[in-house]
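In what follows, a structure is listed as structure tokens, so that the remarks can point back to it.
Residue numbers (UniProt numbering): 1 to 143.
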């Protein structure tokens, strides 16, 4: 009976370890609203720290933890005059992380709610997200 109990415990630990591992994201993009920065970790190692622009006064960038819902190499905003949104990673409704031509505004709030990145950084993030697969990406937005 003791042997059976030990096997049962070992099996449970193996299963739980597997569940914990599967829940861990391969790629995490952490957006800090207060510092207007994004820190990107791939397999736990920091691979990028970039300036971003989030919602300006009168608009809102949602906080929380998200997975990408869809990704587009190029998207045009249906809400804001067909504005180009290169390397878009949508995470909640119409909210996305994407490249911007307004690079001089990065580092301070300037968007309608999306998370803007320099075009090269948006391309890097998009490529990494494609590489690991959207299911293995987490987007964390905090104050």
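Yeah, the Cβ is synthetic: ideal placement off N, Cα and C, and Gly gets one too.
Span separating the alpha-carbon of residue i from that of residue j
| i | j | result |
| --- | --- | --- |
| residue 90 | residue 68 | 6 angstroms |
| residue 49 | residue 136 | 20 angstroms |
| residue 144 | residue 75 | Because the chain here runs from 1 to 143, residue 144 falls outside it and cannot be looked at. |
| residue 30 | residue 97 | 11 angstroms |
| residue 84 | residue 71 | 14 angstroms |
| residue 130 | residue 123 | 10 angstroms |
| residue 86 | residue 114 | 12 angstroms |
| residue 32 | residue 59 | 16 angstroms |
| residue 107 | residue 57 | 15 angstroms |
| residue 19 | residue 66 | Low confidence applies here, because residue 19 scores a pLDDT of 38, under 50, leaving its location unreliable; read the following figure in that light. Using only the alpha carbons, I get a separation of about 19 angstroms. |
Assigned exposure category for residue i - 16 Cβ within 10 Å defines buried
| i | result |
| --- | --- |
| residue 63 | exposed |
| residue 43 | exposed |
| residue 99 | buried |
| residue 25 | buried |
Beta-carbon gap between residue i and residue j smaller than 8 angstroms
| i | j | result |
| --- | --- | --- |
| residue 127 | residue 55 | no |
| residue 37 | residue 47 | no |
| residue 94 | residue 79 | yes |
| residue 61 | residue 141 | yes |
| residue 117 | residue 40 | no |
| residue 143 | residue 34 | yes |
Worksheet item: Which parts of the segment 52-139 are runs of the beta strand (DSSP E), unbroken and 3 residues or longer, counting only runs that do not cross its ends?
Response: 64-66, 70-76, 84-92, 95-99 and 115-117
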